[in-house]
Each structure stands twice: as structure tokens, then as C-alpha cells.
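For reference, the structure discussed in these notes is given below.
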Amino acid sequence: MSGETATVHHLTAHGYDLTVDVEHGASLTSLGWLKPDGTWFEILHPCPPAIAARTGGCFVMVPFANRLDGGRFPFADGPIQLPLNRPEENLAIHGFSRDRAWRLVEATDDHLILVDDFTEAGNPFAYTLTQEISLGSFGVELLLRLTNTATESLPFGLGFHPWFRKTADTWLTFEATSQLGRDGRGFAIEPVPADEGPSFPSGVNVSAMPWFDRHYAGWTSGTAAIDWRPEGVRMTMQARGSLTNLQVYVPDNLPVLCVEPVSHVPDVHNRRDLAGYGDVALLASGETIEGAMILRCFG
């Protein structure tokens, strides 16, 4: 059915219950899983209603993921300047689509198709972004398909920014070949040994970590797992397509854990020496990239 006037939409199927705020970035505001004992477990930290998912839920990052220094980068026909949505830090962050009303194009009990047709005066980027959400025995799949609708070629990236619950004895496990250092403003710098810092391949109790924010490349498996041990719940994340990298953010003052599959190194537009660790895609007009995140729970 068509639902262009709907602002909040629910999907309930296959033991998952999901809420999407179409009007505010097509953000997920809740995601629950029905445990074998018949009780519901909330996977995402709650998102306050009627705002973009800045502290809970899950939002989309397009046409770039994470930070862009000064909102500016060099390009063939001269520097491109984008709006600064965090001017106090002199940066643009997380792209544009999370702050926009989307269109709900198709909806059933287990499937949604949502679209953001982005154009903005003074902004060189123009694109059509489709998010397709499906519930099945495989879990919850969120698929992004991004097409450049500008007349010129432009660099595009994408990603998801989920705010998972972090309770006592919450563990994160994944493998990557490289991790990037971090400067004082939060931007990625030269690679450091993959085994420096937390040993994520062996699993890390993130609920006991100090504040942490790090970018990982060489995430060749495209998989990660979160275990909420006291609750007896494990969730696996699988990333496909352009989502080749992982950003991990663990604040020590909030009950959240961000495990973000993304397509490129933050600010790689300006840090071309890091392009080999995850680059943006230069899309000609009409060209498309896509990536998907699949979440599956076990108990």
C-alpha cells in the first residue's frame, strides 16, 4: 500500500518489531526482538520521538559518513563547500538525509521502501536515496541504494549509525586488519597496529571501557557480534556492498554502543593518503552505489 502521509510506521514480523520515523530522517526509533521465553528485548537504545536519531535508534549517513573537516574539500573544478551542521567544531557531520523528511513509498507488515530525493539550493549534491527495510527469518535487513542525480560527477559515501543498548556485561566482537589513529579533533590519522588497544577479535566488555572512538579498515568479513550476556541475547551484524569499514564509538557517560558500518574513512575527501583504507565513490550522473546492514538475533 502507499503511505506518503504517514510519519511513523511499524513493522512486526518474524519475531522482530521495528518503528521508523519517516518524517525525521527515516530513522529507526526502536527495534525489539522476541526472545524464546516470550519476552521482548530492545536492541536499540530508545530514540526520543519526533527528532533525528542523535542519541538513540539508528540513522542513515549520506552522502558522507561521519566528519568532514570544515565541510569543505578540494575538487576538480574548485573547492566544494557544504553547510556546517556543527559550526562550533568547524565541521559537517553525518551528511544530509538524517535531517530530512522522506517519502514512504511502499509498506507491508514486513517490508518498507522509503525515498529521499535530495536537492538543496547552493548545495552541489543531488541524489536519490532509497532505503528498503525487510524483516525475515534472516533478521532485519536495511538496504541503501544511492544514485547521483547531479549533472556532474561527485564523491559519495554512505553508512548506518545505530545506537545499540549498552547494559552491564555487554560484549563486542569483530576482526579487522587495520585501525586508524585519531587526532585531537576526532579525525582519522595514520594507521596503528591492528592489535593495539582493545582486543575485539577476542571480544571486549564494552560496558567496562573508558570513552572510545576508532575507525577500522580491512573489515573483510563484514561481520560483528554484540552479546548482552546477562540477558542471554546475541546479535550478529553483517554488512554487504559498499559498507566495507567500521566505526566504533563507546561513550562512557551514556548507556549506548555505536557500531557503524560505513563505506569510507572519515574526511577521506581531504585525507587522500588514507584513501587506500576506504575511499568515497566518484559517481557520474546516474551512477549508483548500495550497501546493506543485516541484524539477526539469537537467544
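The opening residue of the sequence shown carries number -14 in the numbering used here; numbering runs sequentially from there. Here a beta-carbon is modelled for each residue, glycine too, at the ideal position from N, C-alpha and C.
- Taking C-beta atoms under 8 Å as the contact rule, Ser248 and Ser227 qualify, at a distance of about 4 Å.
- Counting other Cβ atoms within 10 Å of its Cβ, Asn75 stays below 16 and is therefore classed as exposed.
- Arg214 is bridged by DSSP to nothing; it lacks a bridge partner.
- A residue is called buried when at least 16 other Cβ atoms come within 10 angstroms of its Cβ; Gly80 meets this threshold and is buried.
- If the five residues before and after Thr136 are omitted, its C-beta is found closer than 7 Å to the C-beta atoms of Ser270, all from its own chain and listed in chain order.
- Setting aside the 5 residues that flank it on each side, Gly142 is surrounded in the same chain by Phe49, Ala50, Ser248, His249, Val265, each with a C-beta closer than 6 Å to its C-beta; the list follows chain order.
- Restricting attention to Asp198, Ala277, Phe172, the CA atom closest to the CA of Arg52 is found in Phe172.
- When rounded, the separation of the alpha-carbon atoms in Asp154 and Glu216 is 9 Å.
- When DSSP states are grouped into helix, strand and coil, Glu73 belongs to the helix group.
- For Thr162, the closest alpha carbon among the candidates Glu73, Gly276, Trp204, Asp101 is that of Trp204.
- For Pro246, the enclosing beta strand (DSSP E) covers residues 241 to 247.
- For the set Trp25, Ala11, Met46, Thr221, the Cα lying nearest the Cα of Arg88 is the one of Ala11.
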